[in-house]
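Chains Y and Z supply the protein sequences, listed in that same order.
Residues 24 to 523 in our numbering are what the first sequence lists, from first letter to last.
Residues 248 to 520 in our numbering are what the second sequence lists, from first letter to last.
The beta-carbon is built from N, C-alpha and C at its ideal position, and this holds for glycine as well.
Have a look at the structure below before the remarks.
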Amino acid sequence: MSLDPEYLKIERSQEWRAALRSKTKNKERTAIPRVHMPEQAPEIRVKYQDREVNLGITAEQAALEASRCMDCVTPTCIEGCPVNINIPKFIKLIENGDVLGAAATLKETNALPAVCGRVCPQEKQCESRCFYLEKMNLPSVSIGHLERYAADFERASGTSNIPKTAEPNGIKVATVGSGPAALSFAGDMVKNGYDVTVFEALHEIGGVLKYGIPEFRLPNAIVDFELENLRKMGVKFETNFIVGRTASFDDLKEDGYQGFFLGSGAGLPRFMDIPGENFNGILSSNEYLTRVNLMGANAETSDTPVILGKRVAVIGGGNTAMDSVRTALRLGADRAMIIYRRSEAEMPARIEEVKHAKEEGVEFMNLCNPLEYFSDEKGMVNKMRLNRMGLGEPDASGRRRPVPIDGSEFELDVDLVIVAVGVSPNPLVPSCLPDLKVSKWGTIVVEEDKMQSSIEEMFAGGDIVRGGATVILAMGDGRKAAENMHLYLQNKLSKTTKTN
Amino acid sequence: MNKIVEKEYFSDKVIRLVVENQKIARSRKAGNFVILRIGEKGERFPLTIADADPVKGTITLVVQIVGVSSAKLAALEVGECITDLVGPLGKPTDIELKGTILACGGGVGVAPLLPIVEAFKKAGNRVVSVIAARSKDLIILEDQIRRWSDEVIVMTDDGSYGRQGLITAGMEEVIQREKIDECIVIGPAIMMKFASLTTKKYAIPTQASLNSIMVDGTGMCGACRVTVGGKTRFTCVDGPEFDAHEINFDEMLMRLGGYKSEELLANAKYFQK
C-alpha cells in the first residue's frame, strides 16, 4: 500500500509534515553532515561474541540526521526498499519527536524493523536511491541507522505498539520455515485476519536470524522481541516440526490449512570438491555458525562442541564468510584469514562488514584459491595448498573472472577451515511434493510477480526461490506472497460462496 | 509431549525408552531417525527409531551411554520429557520383495535393525538375521528379532552366548549355504566395514545404515559428510543408508573422531560429577 502514490501524497500533505518542511530550509538540511554510527572499539569487541559492534545513534544524532531528509515529493527511497517502508514518513516522525509513531510506521510494512535496521544492505537499497546520493552526490540520509534507532527506542520504552489486525477470518495458513521470508509473510497474513501457524524444523524460531547471523551483528534477544510482537498479533509458532515429514501436506490440509508459504531456505552448504576437503576441522560456515549461534557452543555450559582454531582459514567473500571469520577471532584465533578468489572490489560482502573485519585484525588473502588440504595422522587438517589468481574478462555475473596464475602455488598452516562458498536449496520440501516445479538448481519455480508455485495453494520465497540472497529480499518475497495468497484465497472463497 | 512412558535396562550402558510422540509414531518408516536434545544446554544428536506404535502414539529408542548426551538421555525417568525431538528424518529403507535378506546387527545396531527386519518380513521376504555383541549381556532385542526372522544366529566375541566369533563368521556361514539377495548391516562403523568387505567378496548387494555426527539433521550443516562412490554425500538427507560397497569406511571412522578431544574433556567433566 505504501507504494500507492495517492496514499503517499495524502500522508505527505498532512499539516504537521508541511509545517516541518517549511520549518527548515533545504540548504540548511543539506549542510548537515551524515551521522556516524558509534562503534565498540575493535580491541574490546573481538573479545566478545555477543556484544554488538554498532552501538546505535543517540537521540540528538537521530533528530539531526532525520532533519537531513528533505521529504521529497517523489520518494525514490521507497522504491529501493523491498518491503516498501514509508521512509519519509517515519523519518519525519523522528524529526518531529514522535519516535514511537516512527516505529509504528515501520511496522506497517516491516515485521522485523530492529533486524532490518541492523543487517540490511541499505547502501544497495533505499539509501542508494536517496535524493542526496542520486542528485547531489552527497552521502545519503542514513535510513538504516534511523530505522534501527526507532525500533530500539520502542523496545527500550517498554510500550510495544502491536499493529492492528483485521477481524479473524478463520482461514488457516501455514509457513514452512521461520526465517525472514516466513516471518514477513506471517506478519502480513495475520494483519489480514488469517490464522497463521509458523512451522520450524529446528528447536528455535528465526531461521538464519538465529543460526546464521552472529550476536555481534544481531543479538538473539532482538530477534526474540520481534517474534514476541508477531505472537501478540496472533501468529502461532510450532518448533520441531518438519512439514512433509512430521506430518504431510495432506495431513495439514485435512487439519484445515488452505494455503502454504514455502520458506525453508537455502539448506545445503556447498563445498569445493577438492582433495582432503572431508578431513576433520574442515566444516561449512553453516555448521560452524550453527554450533556457535544456535547451540552456544562457545559457552562452557553448552554440551555442543566447537573447534577453537588458532589458524583459521575462511573460504569465501560473502557476508557469511565475514560472520565466520569474525566469530573465529572472537573465539580466540591468532590468525583469522579470508581466502577469496577474486579481489576486494568483487567481494559480495557488505562494505561495513569488510571494514569491521579489517579493523578487528582479519587478514584478507584475496586472489587466492584453495587446491588441496592435508592432515595429521588423526585426520585433523593441518595445512592447505593454494594458488594465486589473476583477473580476466568479466563472466556471466559481470564480475571479472578469476584465473589461476601458473607457478604461484604455496602452502599455509591451518587448524580450522570454514567453507563459505554458498548454499544450495534444501531438498526436503521439494522431495515431499512431486508436483512442485523446481529449477535445475533445485530452487522452487514461482511466478515472479506473485510468488505462486506450480501448486496453486503454495507460494514460496526467500532462499528456496533465490538460491541465496539477503534477509530483506526474503522479507520482500514474504510480503509479495502474502498479498497474492490473500487475493488467491479471497477469490477462491467468493467463487465457492457463489456456487453455494 | 515427548514424555518417557517406559524405560528398560538392557544392561547398565544400554537402555530402551518408549517415548510419546503421536506424529512421529504415525509418520515414521523403517530406517528413519530422529534428532534429540536434552535440556536447554543440550546438543542435538541423532538416533535411529527402533520401533513405533501408531495406536498408542509412541516410538521406541535404544541408547547406549557413550558420552554426555547419551548419558543425559539415559538418565531420564518415566514421566520426564525429552526437551526436543524432531523427525522422522532420513530416507526410509527401500523395502520390497527381494527374496532372501541377510540382516546383520552389531551391538546397539540391533535396535535400528529391528524395524527393517520386520518390514522385510512383512513384505514377504525370507529373513536370516545375524546379531552380534562382545558378550551375552550386550545382546539386545533377541526375541523381537526372532519374531520377524526365519532364522537367527547369535555371535559373541567371548563365546558367552550363541556362537563364539565375529559377526562376519556368522555371515559367512549363511552365505556359504544359501543364496542371499540383499544384505543390510547396522552397527559400529568398524563392524560395518568388515561386514561390507565380507559381502563384497560374494557380490551381494549390501546397504549400511550410518551413524554420522550431525547438528541439524536436515541437510543444513554438512557435518555428516561421507564419501560414497567417490562423491561426498550427506548422511542426513541422502542416507542414512548407502550402498555399503561404495562407502569410504576409513574416512567415516576418521570423521567420527572429529570432536574426540572436545568429547573426552566433556565426558571427564560430566562423569566426574
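In the DSSP assignment, the beta strand (DSSP E) including Y:R268 goes from what residue to what residue? Translated into the one-based positions of the first sequence, residue 268 of chain Y becomes position 245. Looking at the DSSP string, Y:R268 is not in any beta strand (DSSP E), and its letter there is neither H nor E.
Who are the near neighbours of Z:R381 in its chain, counting only those whose CB is closer than 8 Å to its CB and skipping five residues on each side? The residue you call residue 381 of chain Z lines up with position 134 of the second sequence. Non-local C-beta neighbours of Z:R381 in its own chain, meaning closer than 8 Å and more than five positions away in sequence, comprise G354, T403, D404, D405, ordered along the chain.
Write down the C-beta distance between Y:L232 and Y:I467 rounded to the nearest angstrom, noting that I regard them as a contact closer than 8 Å. Here residue 232 of chain Y refers to the residue found at position 209 when the first sequence is read from its first residue. Here residue 467 of chain Y refers to the residue found at position 444 when the first sequence is read from its first residue. Their Cβ separation, rounded to whole angstroms, is 21 Å, which puts Y:L232 and Y:I467 out of contact at 8 Å.
Pairwise C-alpha distance: Y:L135 and Y:G304: Residue 304 of chain Y sits at position 281 when you count from the first residue of the first sequence. Residue 135 of chain Y sits at position 112 when you count from the first residue of the first sequence. Whole-angstrom Cα-Cα distance: 35 Å.
Quick check on Y:F283 - is its C-beta less than 8 Å from some C-beta in chain Z? Numbered from 1 along the first sequence, position 260 holds the residue referred to as residue 283 of chain Y. Not closer than 8 Å to any Cβ of chain Z, the Cβ of Y:F283 fails to qualify, so no.
Quick one: does Y:G202 have its CB under 8 Å from some CB of chain Z? As a position in the first sequence, residue 202 of chain Y is number 179, starting the count at 1. Residue-level contact check: Y:G202 does not touch chain Z, since none of the beta carbons of chain Z fall below 8 Å from its beta carbon.
Please check the pair Y:C455 and Y:F272, which I expect to be a contact at CB under 8 Å, by giving their CB distance rounded to whole angstroms. Your numbering for residue 455 of chain Y matches position 432 in the first sequence. Your numbering for residue 272 of chain Y matches position 249 in the first sequence. Yes, they are in contact, since the Cβ atoms of Y:C455 and Y:F272 sit about 7 Å apart, within 8 Å.
Under 8 Å by Cβ, that's how I've got Y:D429 and Y:N405 pegged, so tell me the actual separation to the nearest angstrom. As a first step, residue 429 of chain Y is located in the first sequence; it is residue number 406 there, counting from the start. As a first step, residue 405 of chain Y is located in the first sequence; it is residue number 382 there, counting from the start. Incorrect: roughly 27 Å between the Cβ atoms, too far for contact.
Please list the residues of the region 481–500 of chain Z that have a C-beta atom closer than 8 Å to any C-beta atom in chain Y, keeping them in chain order. From the region 481–500 of chain Z, only F481, V484, E498 have a Cβ closer than 8 Å to chain Y.
At a CB-CB cut-off below 8 Å, which residues of chain Z make contact with Y:L451? Against the first sequence, residue 451 of chain Y aligns to sequence position 428. In chain order: T465, G466, V484.
Do the region 95–102 of chain Y and the region 410–419 of chain Y make contact, defined as three or more Cβ pairs closer than 8 Å? At 8 Å Cβ cutoff, the stretches do not touch.
Touching or not, the region 331–347 of chain Y and the region 363–380 of chain Y, by the rule of three or more beta carbon pairs under 8 Å? Enough Cβ pairs lie closer than 8 Å, so yes.
Suppose you measure from the CA of Y:K473 to the CA of Z:D485; what does that come to, to the nearest Å? Within the first sequence, numbered from 1, the residue matching residue 473 of chain Y stands at position 450. Within the second sequence, numbered from 1, the residue matching residue 485 of chain Z stands at position 238. Going from the Cα of Y:K473 to the Cα of Z:D485 covers about 32 Å.
Buried or exposed: where does Z:E255 fall if 16 or more other Cβ atoms within 10 Å of its Cβ makes it buried? For the purposes of this step, residue 255 of chain Z is taken as residue 8 along the second sequence, with counting starting at 1. Exposed, because fewer than 16 other Cβ atoms sit within 10 Å of the Cβ of Z:E255.
Buried or exposed for Z:G352, going by 16 or more other Cβ atoms inside 10 Å? Sequence index remark: in the second sequence, residue 352 of chain Z carries index 105 (1-based). Buried, because 16 or more other Cβ atoms sit within 10 Å of the Cβ of Z:G352.
Range of the contiguous alpha helix (DSSP H) that encloses Z:E419: Your numbering for residue 419 of chain Z matches position 172 in the second sequence. Segment 414–424, the alpha helix (DSSP H) holding Z:E419.
Pull up the DSSP beta-bridge partners for Y:D218, would you. Locating residue 218 of chain Y in the first sequence gives position 195, counting from the first residue. BP columns for Y:D218 point to Y:K195.
DSSP three-state assignment for Z:G353, whether helix, strand or coil: Taking the first residue of the second sequence as position 1, residue 353 of chain Z is located at position 106. DSSP places Z:G353 in the strand class (E or B) of the three-state scheme.
Hey, Y:A322 and Y:R314 are a contact pair by Cβ (cut 8 Å); roughly how many whole angstroms apart? As a first step, residue 322 of chain Y is located in the first sequence; it is residue number 299 there, counting from the start. As a first step, residue 314 of chain Y is located in the first sequence; it is residue number 291 there, counting from the start. About 11 Å; that fails the 8 Å criterion.
Any chance you could list the alpha helix (DSSP H) runs of at least 4 consecutive residues sitting entirely within the region 305–357 of chain Y, in chain order? Listed in chain order, the complete alpha helix (DSSP H) runs (minimum 4 residues) inside the region 305–357 of chain Y are 308–312, 342–353.
Contact under 8 Å by Cβ, Y:R268 with Y:F260: For the purposes of this step, residue 268 of chain Y is taken as residue 245 along the first sequence, with counting starting at 1. For the purposes of this step, residue 260 of chain Y is taken as residue 237 along the first sequence, with counting starting at 1. No, these two residues do not count as a Cβ contact at 8 Å.
Between Y:V385 and Y:V348, is the Cβ-Cβ spacing less than 8 Å? Reading the first sequence from its first residue, position 362 is the one you call residue 385 of chain Y. Reading the first sequence from its first residue, position 325 is the one you call residue 348 of chain Y. Contact check for Y:V385 against Y:V348 passes: the beta carbons are separated by less than 8 Å.
With 16 other Cβ atoms within 10 Å as the buried cut-off, status of Y:E570: Residue 570 of chain Y is absent from the model: chain Y starts at 24 and stops at 523.
Taking Cβ positions only, does Z:T474 come closer than 8 Å to chain Y? Indexing the second sequence from 1 puts residue 474 of chain Z at position 227. Closer than 8 Å to some Cβ of chain Y, the Cβ of Z:T474 qualifies, so yes.
Distance, Z:E287 Cα to Y:Q72 Cα: Residue numbering aside, residue 72 of chain Y sits at position 49 when the first sequence is read from its first letter. Residue numbering aside, residue 287 of chain Z sits at position 40 when the second sequence is read from its first letter. Looking at the backbone, the Cα of Y:Q72 and that of Z:E287 are separated by about 19 Å.
Between Z:T479 and chain Y, is the shortest Cβ-Cβ distance under 8 Å, so that the two count as touching? For this step, residue 479 of chain Z is matched to residue 232 along the second sequence. The beta carbon of Z:T479 falls within 8 Å of a beta carbon belonging to chain Y, placing the residue at that interface.
Take the Cβ of Y:D111 as the centre, count every other Cβ of all protein chains shown within 10 Å, and call the residue buried at 16 or more, exposed below. The count along the first sequence starts at 1 and reaches residue 111 of chain Y at position 88. It should be noted that the sequence gives Pro, not Asp, for residue 111 of chain Y. Counting the other CB atoms within 10 Å of its CB gives Y:P111 a total of 16 or more, which places it among the buried residues.
Neighbour-count burial assignment, Y:H59, 16 or more Cβ in a 10 Å radius: In the first sequence, the residue the question calls residue 59 of chain Y occupies position 36. Exposure of Y:H59 is indicated by the presence of fewer than 16 other C-beta atoms within 10 angstroms of its C-beta.
Could you check what DSSP says for Y:N507 in three-state terms: helix, strand or coil? The residue you call residue 507 of chain Y lines up with position 484 of the first sequence. Note: Y:N507 maps to helix in three-state DSSP.
Going along chain Z in order, which residues have a C-beta closer than 9 Å to the C-beta of Y:K333? Counting from one through the first sequence, the residue named residue 333 of chain Y turns up at place 310. Below the 9 Å Cβ cutoff, chain Z contributes no neighbours of Y:K333, its closest Cβ being approximately 14 Å away.
From Y:F9 to Y:G200, what distance separates their C-alpha atoms? Nothing can be reported for residue 9 of chain Y: it is not among the residues displayed for chain Y, which extend from 24 to 523.
Within a Cβ cutoff of 6 Å, which residues of the same chain sit near Y:V266, ignoring the five residues on either side of it in sequence? Your numbering for residue 266 of chain Y matches position 243 in the first sequence. These residues qualify, in order along the chain: V199, F222.
State buried or exposed for Y:L512, treating a residue as buried only when at least 16 other CB atoms are found within 10 Å of its CB. Taking the first sequence and counting its residues from 1, the one referred to as residue 512 of chain Y is at position 489. In this structure Y:L512 is buried. Its beta-carbon is surrounded by 16 or more other beta-carbon atoms within 10 angstroms.
Extent of the continuous alpha helix (DSSP H) run through Y:V138: Start at 1 with the first residue of the first sequence, and residue 138 of chain Y comes out as number 115. It spans 136–142 - the alpha helix (DSSP H) in which Y:V138 sits, taken as one unbroken run.
Interface residues of chain Z around Y:G339 at Cβ under 8 Å? Within the first sequence, residue 339 of chain Y is the residue found at index 316, counting from 1. Within chain Z, no residue comes near Y:G339; the closest Cβ sits about 14 Å away, beyond 8 Å.
Could you tell me which residues DSSP puts in a beta bridge with Z:T465? The count along the second sequence starts at 1 and reaches residue 465 of chain Z at position 218. Paired residues: none, contrary to the question.
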